[in-house]
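Residue numbers (this note's numbering): 2 to 264.
Below is one structure, written out as structure tokens, with a few remarks after it.
In structure tokens form, the structure reads like this:
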């Protein structure tokens with residue numbers, strides 16, 4: 002475990018973080034190294050400063066890797082009383098700087114779903130083994146690529162109480178695969194998201210209907226494009242744009258969901 006990045010936050014992210022009030026307990030943060038199959042991974046941990054045990058939430062980054070946005074989300078979750086670990090799917094030092102580079106990297110993982118799931122499982126194992134974490138109360142959330150990854154982790158049959166996808170891709174799988182999902186699932190998607198169109202939402206829902214033992218829900222935010230919950234996103238020509246209303250409502254929906262499934 003190493004000291005967390007202390008560079009000043011962008012004001013928009015600082016304002017986002019501070020929407021969750023500072024709790025009566027201290028919050029500790031640190032960068033966390035762990036491994037998967039010989040690859041070094043560098044995540045980020047935020048946790049209440051106490052013995053716990055606390056519920057744990059795995060947070061999966063978008064296609065730009067572990068950055069300030071997911072670090073802030075981890076701290077917000079820690080202020081709510083969760084131990085939050087930002088998982089590193091790409092590997093230490095692999096942090097795309099352009100959309101083209103990020104897209105190509107993400108596509109490589111989508112083409113190798115066993116590797117994608119294994120990297121997510123490595124993060125979940127690191128979270129579950131951490132001090133102060135209650136391994137019987139775990140959830141996973143993710144943003145864009147991370148939302149897709151969280152859903153793939155659920156499809157692997159991981160021991161999760163809940164999974165939340167923020168504007169993640171909704172891939173379907175082989176017949177019967179969805180029945181392996183043990184978690185309750187909350188999908189938060191944009192009504193004007195060209196990356197996750199209505200046809201993809203409908204296909205995903207049709208597949209989940211074939212797994213009656215899985216509890217799931219989809220919430221659609223009108224006018225919201227892809228990446229609607231990531232401050233600073235402003236590429237409507239590519240179908241991606243931050244929308245404050247959808248961001249605020251989706252975070253509130255996640256909070257209520259986690260309180261229910263991890264309470």
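Backbone N, C-alpha and C fix where the C-beta goes; we use that ideal spot for every residue, glycine too.
Contact check, residue i vs residue j, beta carbons under 8 Å
i	j	result
residue 90	residue 150	yes
residue 110	residue 187	no
residue 251	residue 189	yes
residue 88	residue 75	no
residue 201	residue 152	no
residue 217	residue 145	no
residue 14	residue 198	no
residue 147	residue 169	yes
residue 228	residue 221	no
residue 17	residue 67	no
residue 120	residue 37	yes
Cβ distance (whole Å) where residue i is taken to contact residue j below 8 Å
i	j	result
residue 58	residue 143	Contact flag wrong, Cβ pair sits at about 11 Å.
residue 192	residue 236	At roughly 18 Å, the Cβ-Cβ gap does not stay under 8 Å, so residue 192 and residue 236 are not in contact.
residue 28	residue 50	7 Å
residue 82	residue 55	6 Å
residue 133	residue 48	6 Å
residue 97	residue 106	6 Å
residue 185	residue 262	5 Å
7 Å Cβ shell around residue i - same chain, five flanking residues per side excluded
i	result
residue 182	155, 156, 212 and 215
residue 238	none
residue 173	204, 205 and 208
residue 112	none
residue 40	92
Exposure label - residue i; buried when at least 16 CB within 10 Å
i	result
residue 80	buried
residue 230	buried
residue 22	exposed
residue 175	exposed
residue 94	exposed
residue 26	exposed
residue 118	buried
residue 104	exposed
residue 203	exposed
residue 101	exposed
residue 264	exposed
residue 69	buried
residue 253	exposed
residue 179	buried
Same chain, Cβ closer than 6 Å to residue i, five either side skipped, listed in chain order
i	result
residue 255	165
residue 35	42 and 127
residue 4	Note on residue 4: pLDDT 48, under 50, position unreliable in the model; the coordinate value appears next. Correct list: empty, nothing qualifies.
residue 247	222, 225 and 229
residue 123	37
residue 219	188
residue 207	none
residue 62	71 and 147
residue 19	none
residue 78	58 and 85
residue 24	80
residue 244	225 and 229
Other residues of its chain near residue i: CB distance less than 8 Å, five sequence neighbours each side excluded
i	result
residue 194	168, 225, 226, 227, 229 and 240
residue 125	59, 88, 139, 141, 154, 159 and 161
residue 135	53, 54, 55, 56 and 57
Minimum Cβ-Cβ distance from residue i to chain C less than 8 Å
i	result
residue 220	Among the protein chains of the structure shown there is no chain C, as only one such chain exists.
Any contact of the region 135 to 151 with the region 162 to 171, i.e. 3+ C-beta pairs under 8 Å?
-> In short, these stretches touch, since the Cβ pair count reaches three.
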